[in-house]
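Taken in order, the sequence shown gives residues 3 to 342; the numbers are from our numbering.
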Amino acid sequence: VILASVIATLFAIQSTSSFAANLKPTYLLPSSSAVSLKVLATAGDRFAGTVIKGIPDGMGAHMNGNQMTILSVFEHSTSNPFVKTGESTSKPWGASITQFNFSPRLRAFTQADNDFIKSINFWNYTQGKWVTDPTNSGPANSPTGTFGWGINRFCSANLVPAGTFLYKDGNTTLGYDGALFFSGEEAGDASRAFAFEMDGTGYQFPRMGMASWENLVTNPKPGRNTVVLGNEDGSATNSHLHMYVGTKTTSGNAFEKAGLNNGKLYVLNVPAAANDNVFRTTIGKNKATPATFKEVNWNQSVSDFDKSVTEAGSEFARIEDGEWDPNNPNVFYFLTTESN
């Protein structure tokens, strides 16, 4: 089992009661004497010359032969002076993804690659197509410094296992057979969502809309439709739960086959509660209340999109993260970070 600490340390759980003394800082302590924690890597460590970066956040893991591949995003801001030293006008910079190779036998990392991202297919809103250069590709009147090469603060992440985007419809197989790794910028209303193939090929996710993304979580239930819920960790008085619904196809690139570029966008609306405060004071805990999703147009300017989402959806106090119920994929749990 692999755990991720968002304060820049990775751990492996062992079922032993002790291990050799480690001089690295201790960020996490076990509550049971039957469990111990071993530091696998800390920011600043090197693996075959690769320096482990700081501020890791969302992760995903899958078996790759007798090795485990672990992907980790890093929440680097494009406004940080040190990060800006890597600014580029020809390739993605800022927030990044590192691929770790972990040996279950050795219980150790054997390799790390900070350059997992090999390329990104950006979406040009004016042309309505994929482009390899994001310069001037954003919606009309986009804020300065957005929708460019700089990737601003990847936050949480979700690795969707291979096979999730496949569906057998009679004699026809729809969808994409590989895994996809989702993450999004958490940097205000002009933030973008992304998905990556396991070879480092990325795709902007325009139909998910624009928001300060915490996470993008794909519904695991097999079917023709592809459903992704997006958690907005924006302001305490204006964050929303987005829902994308698309259809798996037999043509196009991996992202398109997975049904991620032909669908519609919706936002959660609780008729009895326009915002989080009303929900808390008039509905309260452990009480079922009707809810629906209202459609919004994803293809607008940043300000118009934010306005339409606000009008259609109920406002929550920063949706920090969420997850589908593994025993009932029709149920989605999410939490808010604060009240106001």
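For every residue, glycine included, the Cβ atom is placed at its ideal position computed from N, Cα and C. Model, not experiment: these values are computed from the prediction.
Taking the C-alpha atoms as reference points, what is the distance between T91 and E234?
28 angstroms
Identified DSSP bridge partners for A195
G186
Which residue or residues does DSSP assign as beta-bridge partners of Y268?
M245, E297
If contacts are defined as beta-carbon pairs under 8 angstroms, then G190 and F198 qualify, I think. What distance do you get, rounded to the angstrom?
Going by Cβ atoms, the distance from G190 to F198 rounds to 22 angstroms, so no, they are not a contact pair.
Start and end residues, alpha helix (DSSP H) containing E325
Not the alpha helix (DSSP H): E325 falls in the beta strand (DSSP E), residues 321-327.
Assigned secondary structure, M212 (DSSP; H/G/I helix, E/B strand, else coil):
coil
Taking its Cβ as the centre, do 16 or more other Cβ atoms sit within 10 Å of Q129, making it buried, or is it exposed?
exposed
Residues near S105 by beta carbon distance below 7 angstroms, same chain, minus five either side:
Q69, T112
Decide yes or no for the touch test of the stretch 140-153 against the stretch 221-233: beta carbon pairs closer than 8 angstroms, at least 3 of them.
no
Rounded separation between F76 and S193 - CA only:
16 angstroms
Residue from E187, F196, V269, P208 with nearest C-alpha to G140:
P208
When burial is assigned at 16 or more other CB atoms within 10 Å of the CB, is A36 buried or exposed?
exposed
First and last residue of the uninterrupted alpha helix (DSSP H) at P27:
From DSSP, P27 is part of no alpha helix (DSSP H); its letter is neither H nor E.
Taking all protein chains shown into account, decide if P350 is buried (16 or more other Cβ within 10 angstroms of its Cβ) or exposed.
No information on residue 350 is available, as it lies outside the stretch 3 to 342 that the chain covers here.
Buried versus exposed call for E317 [16 or more other C-beta atoms within 10 Å across all chains shown]:
buried
Quick check on Y335: buried or exposed, where buried means 16 or more other Cβ atoms within 10 Å of its Cβ?
exposed
Would G180 pass as a contact of Y169 if the rule is Cβ separation under 8 angstroms?
no
Below 8 angstroms between beta carbons: does that hold for W326 and N221?
yes
Of all the options F184, R282, L161, which has the alpha carbon lying nearest to the alpha carbon of F65?
Reading off the sequence, residue 65 comes out as Met, not Phe. Here the closest residue by C-alpha is L161.
Buried or exposed: where does A319 fall if 16 or more other Cβ atoms within 10 Å of its Cβ makes it buried?
buried
Would N154 and T252 qualify as a contact pair, given that the criterion is a beta-carbon distance under 8 angstroms?
no
E234 bridges to which residues according to DSSP?
W215
Among S144, S185, L270, which has the Cα closest to the Cα of V304?
S144
Keeping to the same chain, check which residues put their C-beta closer than 6 angstroms to that of G315; ignore five residues upstream and five downstream.
H242, V269, L270, N271
Sort K40, V298, G172, V41 by Cα distance to M245 and report the nearest one.
V298
Spell out the partners DSSP gives P100 in its beta bridges.
Residue identity check: residue 100 is Thr in the sequence provided, not Pro. Note: T100 sits in a beta bridge opposite S74.
Under the assumption that A159 contacts N217 (Cβ atoms under 8 angstroms), give the Cβ distance between them as a whole number of angstroms.
7 angstroms
According to the neighbour-count rule (16 or more other Cβ atoms, all chains shown, within 10 Å of its Cβ), is V311 buried or exposed?
buried
Could you pull the start and end residues of the alpha helix (DSSP H) that P83 belongs to?
83-86
Grab me the residues of S341's own chain with a C-beta within less than 6 angstroms of its C-beta, minus the 5 sequence neighbours each way, in chain order.
A319
Applying the criterion that 16 or more other CB atoms from any shown protein chain within 10 Å of the CB defines a buried residue, is F84 buried or exposed?
exposed
Compute the Euclidean distance between the alpha carbons of N263 and K289, then round it to the nearest angstrom.
36 angstroms
Residue environment, S33, which counts as buried when at least 16 other CB atoms sit within 10 Å:
exposed
If you draw a straight line from the alpha carbon of V8 to that of N126, how long is it in whole angstroms?
Residue confidence for V8 is low, a pLDDT of 33 falling below 50, so the modelled location carries little weight and cannot support an answer.
Output the boundary residues of the alpha helix (DSSP H) element that contains F368.
Beyond the ends of the chain as shown, which are 3 and 342, falls residue 368; an answer cannot be given.
Let me check one thing: in DSSP terms, what residues is Q206 bridge-paired to?
F196
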